[in-house]
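Engineer: Numbering (this note's numbering), first residue to last: -12 to 196. Quick reminder that beta carbons are idealized off the backbone N, C-alpha and C, glycines included.
Written out as structure tokens, the structure is:
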């Protein structure tokens, strides 16, 4: 049975290429249709948190002063997710920080750590949704939520529940396609499909490889 790790970062800015650093990471393990594990930690990289980011996330410079070093946190979360493919909402953002922080920490790459994106999947599965922001989808689907939005663990848990909902909807709508289960490889294939092709899958046609 496949275990998928759903991750979320909070950061000082939008891109590591512009000098932004991670301030918090969470990973939620999903297996067999349920959440089976959680990891969360603040990360002290020495970077300064701008006031508007502190207001958005609630993470202050004072909080990070007492947090473990980013290097230690990345090694710990790498161990926690070892062998698990990854999922994130707007995965391009989280993948960028995952890779940048892992390089800074001299973490050994894990070939299993490919990303699927619930944002891309939501655009294909739920075109009728008001929009495809995580908070909107959570409210629209009435997903369980706990904690403050824009904190890593709360957002990772909501994303995990969204993933579970997507897997259930795929099994219901596209049973022929999902006979072998809704695994990470299938999610990665579906997120690359042109949106208009999703309807064709209901007839049981196979997606392109």
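Taking C-alpha atoms, which residue in 62, 149, 80 lies nearest to residue 109?
Structural biologist: Nearest option by C-alpha distance: 149.
Engineer: Residue 18 bridges to which residues according to DSSP?
Structural biologist: Per DSSP, -10, 21.
Engineer: With distances taken between CB atoms, is the gap from residue 30 to residue 60 smaller than 8 angstroms?
Structural biologist: Their beta carbons are under 8 angstroms apart, which means residue 30 touches residue 60 by this criterion.
Engineer: Let me make sure I understand the geometry here. Which of 145, 62, 36, 117 has the alpha-carbon closest to that of residue 50?
Structural biologist: Among 145, 62, 36, 117, the Cα nearest to that of residue 50 belongs to 36.
Engineer: Nearest-angstrom Cα distance between residue 107 and residue 8?
Structural biologist: Computed Cα separation, rounded: 24 angstroms.
Engineer: For residue 65, count the other beta carbons within 10 Å of its own beta carbon; 16 or more makes it buried, fewer makes it exposed. Which is it?
Structural biologist: The residue is buried, with at least 16 neighbouring Cβ atoms inside 10 Å.
Engineer: On a CA-only basis, which of 78, -3, 96 is nearest residue 43? Give me that one, please.
Structural biologist: When each option's Cα is compared against that of residue 43, the closest is -3.
Engineer: On a Cα-Cα basis, can you pick out the residue from 6, -10, 10 that is closest to residue 140?
Structural biologist: Of the candidates 6, -10, 10, the one whose C-alpha sits nearest the C-alpha of residue 140 is 10.
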